[in-house]
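*Asks:* Residue numbers (the numbering used here): 837 to 957.
Think of the CB as a built atom: it goes at the ideal place given N, C-alpha and C, for glycine as much as any other residue.
None of these values were measured; they are calculated from a predicted model.
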């Protein structure tokens, strides 16, 4: 509530082991929720597949609450996971290694955008 008084967007980050139930009491105050799809610590980790169910459940939870909060996903987002992550309900993607470990950032970003759009159809 203090954050909102200063006209600042409010959000939370959930680690892979943190249940969605931990944010039920504040869901109506959130502008975004960041789902960590790897255990935080270092880049280049493999996407935790159970995160897809968590993203879908969060999307449903937000919809049921009438919330327009943005779902962000960070960790293991790349050309193999992007479409499924978008299909699960994510709106915003952190894809550090998938971009910065390639010689052509622009091509990598455009490829990920295409997969994101494909997942939203």
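Which first and last residues belong to the beta strand (DSSP E) in which residue 866 is found?
*Replies:* As a working mapping, residue 866 is identified with position 30 in the chain shown. Where residue 866 is concerned, there is no enclosing beta strand (DSSP E), given that its DSSP letter is neither H nor E.
*Asks:* Alpha carbons only, please: which of 930, 887, 951 is nearest the one belonging to residue 916?
*Replies:* For the purposes of this step, residue 916 is identified with residue 80 of the chain shown, where counting begins at 1. The shortest C-alpha separation from residue 916 is found at 951.
*Asks:* Spatial neighbours of residue 853 within its chain, please: C-beta separation below 7 Å, excluding the five flanking residues on both sides.
*Replies:* Locating residue 853 in the chain shown gives position 17, counting from the first residue. Taken in chain order, the list of residues that qualify is empty.
*Asks:* Checking contacts by CB at 8 Å: is residue 871 closer than that to chain C?
*Replies:* Looking for chain C here will not work: only one protein chain is present.
*Asks:* Use the C-beta contact count for residue 912: other C-beta atoms within 10 angstroms, 16 or more gives buried, fewer gives exposed.
*Replies:* Your numbering for residue 912 matches position 76 in the chain shown. It counts as buried.
*Asks:* Taking the continuous beta strand (DSSP E) assigned at residue 900, which residues delimit it?
*Replies:* The sequence position of residue 900 within the chain shown is 64, counting from 1. It is not in any beta strand (DSSP E) - residue 900 instead sits in the alpha helix (DSSP H) that spans 887 to 900.
*Asks:* Given that a residue counts as buried once 16 or more other Cβ atoms are within 10 Å of its Cβ, and exposed if not, what is residue 890?
*Replies:* Here the question's residue 890 lines up with position 54 in the chain shown. With 16 or more other Cβ atoms within 10 Å, it is buried.
*Asks:* Looking only at DSSP bridge pairs, what is residue 850 linked to?
*Replies:* By one-based count along the chain shown, residue 850 stands at place 14. The partner list for residue 850 (beta bridge, DSSP) reads 871.
*Asks:* Who are the near neighbours of residue 888 in its chain, counting only those whose CB is closer than 8 Å to its CB and skipping five residues on each side?
*Replies:* Working through the chain shown from its first residue, we reach residue 888 at position 52. So the qualifying residues of the chain are 920, 921, 924.
*Asks:* To the nearest angstrom, how far is the alpha carbon of residue 849 from that of residue 939?
*Replies:* In the chain shown, counting from the first residue as 1, residue 849 sits at position 13. In the chain shown, counting from the first residue as 1, residue 939 sits at position 103. The alpha-carbon atoms of residue 849 and residue 939 are separated by roughly 30 Å.
*Asks:* Note down the Cα distance separating residue 868 from residue 941, rounded to an integer number of angstroms.
*Replies:* Position 32 of the chain shown, counted from the start, is the residue given in the question as residue 868. Position 105 of the chain shown, counted from the start, is the residue given in the question as residue 941. Using only the alpha carbons, I get a separation of about 26 Å.
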